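Trainee: One structure is given below, represented as structure tokens, and several questions about it will come after.
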Amino acid sequence: MAVDKSMKILVVDDYKTMVRIVRGLLNQLGFMNVDEATDGPTALTMIGANGYGLVLSDWNMAPMTGFELLKAVRADPKTKTLPFVLVTAEAKVENVIAARQAGVNSYIIKPFNHAVLKQKLTAVLGEF
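Residues in the sequence shown are numbered consecutively from 1060, following the working numbering.
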């Protein structure tokens, strides 16, 4: 089944420049319906109120990390299957393992480019 490029995607990062970069890469891939949040609590509220098809979240944020956001999303029966990708500059094996155990769909190490994002999203969403 083809990926619905009109699906709503939420990008969560406390660094506005990174949000702009990720939004630009998503737009290049044909995803134009992109919302943004600059912290975990705001993202959690937005996820509860909107029908997102994908969340791309930074790991290192305050007051709620992307990992904590992932655990909160997975704990809610309404959002537990929502595709969730963590983006981080940290390539620590223990972080990757913890994220996998918490139910992350994929993990992207910064910096990344268009090809890496497409590869990760294809693995999560299917061919597009």
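Here a beta-carbon is modelled for each residue, glycine too, at the ideal position from N, C-alpha and C.
Predicted model, so just to flag it, every value in this text is computed and none were measured.
How long is the line joining the alpha carbons of Leu-1141 and Ala-1158, rounded to whole angstroms?
Mentor: Here residue 1141 corresponds to residue number 82 of the sequence shown, with the count starting at 1. Here residue 1158 corresponds to residue number 99 of the sequence shown, with the count starting at 1. Those two C-alpha atoms are separated by around 15 angstroms.
Trainee: Measuring CA to CA, which of Pro-1100, Arg-1082, Gly-1185, Phe-1143 is closest to Gly-1162?
Mentor: For this step, residue 1162 is matched to residue 103 along the sequence shown. For Gly-1162, the nearest C-alpha among the options comes from Phe-1143.
Trainee: Distance check for Asn-1172 and Ile-1106, CA to CA, integer angstroms please.
Mentor: Taking the sequence shown and counting its residues from 1, the one referred to as residue 1106 is at position 47. Taking the sequence shown and counting its residues from 1, the one referred to as residue 1172 is at position 113. Straight-line Cα distance between these residues: approximately 26 angstroms.
Trainee: Mapping the DSSP letters down to three states, classify Glu-1149 as helix, strand or coil.
Mentor: Translated into the one-based positions of the sequence shown, residue 1149 becomes position 90. If DSSP states are grouped into helix, strand and coil, Glu-1149 belongs with coil.
Trainee: List the whole-angstrom C-beta distance separating Val-1071 from Ala-1102, where the pair is believed to meet the contact cut-off of C-beta under 8 angstroms.
Mentor: Position 12 of the sequence shown, counted from the start, is the residue given in the question as residue 1071. Position 43 of the sequence shown, counted from the start, is the residue given in the question as residue 1102. Confirmed, Cβ separation roughly 4 angstroms.
Trainee: Tell me which residues share the same chain as Lys-1064 and place their Cβ nearer than 7 angstroms to its Cβ, disregarding the 5 neighbours each side in the sequence.
Mentor: Within the sequence shown, residue 1064 is the residue found at index 5, counting from 1. So the qualifying residues of the chain are Gly-1089, Phe-1090, Phe-1187.
Trainee: Leaving out five residues on either side along the sequence, give the residues of the same chain with a beta carbon under 7 angstroms from the beta carbon of Ala-1096.
Mentor: As a position in the sequence shown, residue 1096 is number 37, starting the count at 1. Excluding residues within five positions, the ones whose Cβ falls inside 7 angstroms are Leu-1069, Val-1071, Ala-1102, Met-1105.
Trainee: Is the beta carbon of Val-1155 closer than 9 angstroms to that of Tyr-1166?
Mentor: Against the sequence shown, residue 1166 aligns to sequence position 107. Against the sequence shown, residue 1155 aligns to sequence position 96. Yes, the Cβ-Cβ distance between Tyr-1166 and Val-1155 is below 9 angstroms.
Trainee: Out of curiosity, what's the CA-to-CA distance linking Pro-1122 and Leu-1128?
Mentor: Counting from one through the sequence shown, the residue named residue 1122 turns up at place 63. Counting from one through the sequence shown, the residue named residue 1128 turns up at place 69. Taking the straight line from one Cα to the other gives about 10 angstroms.
Trainee: Taking buried to mean at least 16 other C-beta atoms within 10 Å of its own C-beta, is Asn-1164 buried or exposed?
Mentor: Indexing the sequence shown from 1 puts residue 1164 at position 105. Buried.
Trainee: Can you tell me which residues form a DSSP beta bridge with Leu-1069?
Mentor: Here residue 1069 is taken as the residue at index 10 of the sequence shown, counted from 1. Answer is Asp-1094, Val-1114.
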